[in-house]
Structure formats: C-alpha cells, structure tokens
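Positions 564 to 870 (the numbering used here) are the ones given, in order, by the sequence shown. Even glycine gets a Cβ: it sits at the ideal position worked out from N, Cα and C. For reference, the structure is listed below as structure tokens.
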Amino acid sequence: MASFSINNKNDMPEDYINKIKFHSKLPEGSVLIYGVSKGNDRQTGDNFQALVDWIIENKSKVLELKIVLSDLLHRFYVGEEEALLWGKKWEEDNAGSINKLNKAKVAYQLINWKTVIETTAYKQAKLDVNDLYDKDKGFVAVVEGLANSHKHKAGFTAAVNYLLEESAAIASLGQGVLTYPSHELNGALHYTLGKLNCGPIYIGHMLIPPKLRYNPKKNLFQSMFKAMCALDQAGHKSTQAKLSFFMQAIKAHEIAKNDSSLFSEELTTLQERCLNETSSHRGGLEKEVVTSNDNKLTNSTLKRYSV
564 MASFSINNKN DMPEDYINKI KFHSKLPEGS VLIYGVSKGN DRQTGDNFQA
614 LVDWIIENKS KVLELKIVLS DLLHRFYVGE EEALLWGKKW EEDNAGSINK
664 LNKAKVAYQL INWKTVIETT AYKQAKLDVN DLYDKDKGFV AVVEGLANSH
714 KHKAGFTAAV NYLLEESAAI ASLGQGVLTY PSHELNGALH YTLGKLNCGP
764 IYIGHMLIPP KLRYNPKKNL FQSMFKAMCA LDQAGHKSTQ AKLSFFMQAI
814 KAHEIAKNDS SLFSEELTTL QERCLNETSS HRGGLEKEVV TSNDNKLTNS
864 TLKRYSV
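Pasting the structure below:
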C-alpha cells in the first residue's frame, strides 16, 4: 500500500482536525475494511481519529469495522522484528480512538497480518494469485512494474513477494468495502480483485483539510485592529483621539440607524488624510529611488517608506 506524508499534531482542536470524505457513496450496512500500511501518516493519530469520528456519526452505514494491520507484511522490507514493533506501536498510539469505538458501541475487529495469512481463505487465495502470476502476462507486467519501483527497499524479489502476499490477503477478506486514503488501489491489488472476482469492493476516501469555523469575536478583533491602524495613519494617534472618533461613529449609528450623514464629514477627512499619507509615503520612496547613487532599493529604504 502506498505511503503518504502529512504533519500530525497531538491534541489539536476539533476545528483543525481533518474530515473524511469517501470517493463514492458507502452502501448502508457495510462491513468496512480499513487496511493500515506502515509509515502512512494519514492512517494514524488525528487522521485515524477522523475516520473513527465519521464512523460514529454514520453508524447506520457501517455494520462492522475491520481494521487490518499490515504489520507482518512489511517483513519483506524491514524484517519481522521491526514490522511487528510497528504494529504494536500503532495500536498504542491509536488506543484513544479505538476506545472511542468501544464507548460508541461500534462493532469492530483489530486484525493483525499474521491472523490473516493463517486462514484457509488466504491459503487458497495465495494459490490462485501464484497461478495468476505464472500464467497471466498482464498481471506479471503490473506486479513487476510495481516491484521495480520498490526494489530499492530490499530488492526486486522481496517486492514481488510483498505484492503477491498483499494481493492474496486482501482477496481472502471476503465481502465488504475496502477503504484506504487513496483514490485507487495499487495495480496488483486492483488486477487481483478483478480477475479472481472475489474479496471486497474498493471505495477510497480522502482527508479534507480543516477550515477555520466562523469566529465573530476573532473577526471583530481583526477589524478593530485594522481600524486602529487606519486611524493612526490618519493622524488620530492618541487613545483619546481614537475614542472621540468611535464615539462619533456610535452616535451616528444610534441616532440615524446607519445613516452616516452625521458622520460623513469625519469620514471624508479620514479618507483624505489616508490618501495624503499614502501619497506622501510614495513620493518619499520615489524621490529616494531617483536620488540613490546606485539606483537600488535598500532594506532600510523599504522599511522607512513601506505602506
């Protein structure tokens, strides 16, 4: 399975946690099979929590969740010890999200790779996949093309063995919906499921980046800060001058209910001062540029006349 990279942060506010979106509609009452790949940051921490939250919010669509850890599969690349240690660490890192499933009474199974490849269904699927690799030139081309792109990890043969075992294992999982944070499966898996006509269907999902929710208080502070800067530029530098300006604005609003006629003169003055201030800054900048000996802007020049 492919690897993705994304920055994870612990204890992120809800507003900043990714959201899950499936690439097509998930059938009601699905057995959802979630294959977890080693080193994929999109499948751990806050990103796994995003999937768990989606499942809890859409319980009617998910009859059962099967989390399949591909820990031992990675022995082909990193050895058995490191592969199993990764699986154990993933369980520890995501214990909080698993506990949320328990509290929400969501039916789930956490299945390690060894359990999968010891089943009768896997052993039969592996025979079928091996036969496909021996006889189907199209499958050979797909597998060996992928193996060439991964041979830097532990060699070509290890990559082929990885792909054949992965394909057979997924095919042996039976009916359900396989999901992964990618639009499509790798070519070997896709070819196997199609040719053998067995195993789960695939519906990928994406992680939608967080969007800041509307925060009236924060927006108000930002607007006030901009207003203060504008007042400074227009000559209302003291606190008293700013208060006087705002009092006139409030008076205009309360008396005339958004009729700015009582306030128009002050607004016009403010606008003119802002324009004059800007023109003055630009004029100073142009003058210094022209009179500069080397005709180059220096950092100090830009700082003095930036607007």
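- According to the DSSP secondary-structure assignment, Tyr671 is paired through a beta bridge with Leu628.
- When DSSP assignments are scanned along the region 691-773, the uninterrupted stretches of beta strand (DSSP E) that are 3 or more residues long and fall wholly within it turn out to be 740-742, 768-771.
- When the beta-carbon positions are compared, Val706 and Val594 stay at least 8 Å from each other.
- Under the three-state reduction of DSSP output, Lys582 falls in the strand class.
- Closest in C-alpha terms to Lys698, from the list Thr755, Ala710, Gly798, Asn665, comes Thr755.
- Residues of the same chain with a CB within less than 6 Å of the CB of Glu627, apart from the 5 flanking positions on each side, are Val594, Ala670 in chain order.
- For Leu595, the uninterrupted beta strand (DSSP E) segment begins and ends at 593-599.
- Three or more Cβ pairs closer than 8 Å define a contact, and the region 727-747 falls short of that threshold against the region 640-650.
- Residues of the same chain with a CB within less than 8 Å of the CB of Leu632, apart from the 5 flanking positions on each side, are Val599, Gly650, Trp653, Glu654, Leu673, Ile674, Asn675, Trp676 in chain order.
- Nearest to Val625 by C-alpha distance, out of Asp634, Leu614, Glu747, is Leu614.
- Judged by DSSP in its simplified three-state form, Ser623 adopts helix.
- Here Leu589 carries a coil assignment [DSSP, helix/strand/coil].
- In this structure, the straight-line span from the alpha carbon of Leu709 to that of Leu726 is close to 8 Å.
- Shown here for Lys582: same chain residues with a beta carbon closer than 8 Å to its own, the five before and five after excluded, namely Ala613, Trp617, Leu770, Ile771, Pro773 in chain order.
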